[in-house]
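Residues in the sequence shown are numbered consecutively from 1, following the UniProt record's numbering. C-beta: ideal position from N, C-alpha, C; glycine also. Take a look at the structure below.
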Amino acid sequence: MGENTKLIVGQQKSSTEVENFTPLETRNHICRLANAVRVLSALGFTLTAELIIETAEASPSAKIAINYMLGPEFYVQTAEREAKRRADLVRKKNGVK
Numbered sequence: 001m002g003e004n005t006k007l008i009v010g011q012q013k014s015s016t017e018v019e020n021f022t023p024l025e026t027r028n029h030i031c032r033l034a035n036a037v038r039v040l041s042a043l044g045f046t047l048t049a050e051l052i053i054e055t056a057e058a059s060p061s062a063k064i065a066i067n068y069m070l071g072p073e074f075y076v077q078t079a080e081r082e083a084k085r086r087a088d089l090v091r092k093k094n095g096v097k
């Protein structure tokens with residue numbers, strides 16, 4: 001099954017080819033990072049490594065599946081989280097707690 005949920009049917013792989021597959025956990029992490037970039041780009045945020053990783057890590061903690069990261073709920077959560085982060089930075093800069 002590919003990232004776009006299409007089932008790929010092909011010839012059976014030999015045992016050496018199977019051993020060379022990327023583990024599911026790694027593929028899931030890559031998909032979360034890719035979706036984080038898509039969400040942040042769509043929201044118009046500047047992409048930084050920190051923000052991409054933070055967004056990718058936010059989806060499992062919010063119990064959002066990889067395929068739902070591109071849904072409206074996660075967009076709203078991401079925008080709210082970034083607004084809070086920016087407000088906290090301004091408060092910190094101005095010396096307000």
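- The stretch 28-45 makes contact with the stretch 68-87: 3 or more CB pairs, one atom from each, lie closer than 8 Å.
- Here Thr22 is exposed, its C-beta having fewer than 16 other C-beta atoms within 10 Å.
- Under the three-state reduction of DSSP output, Asn67 falls in the helix class.
- In this structure, DSSP gives Ala62 a state outside helix and strand, which the three-state scheme calls coil.
- The stretch 22-59 contains, as complete alpha helix (DSSP H) runs of 4+ residues, the segments 24-42 (chain order).
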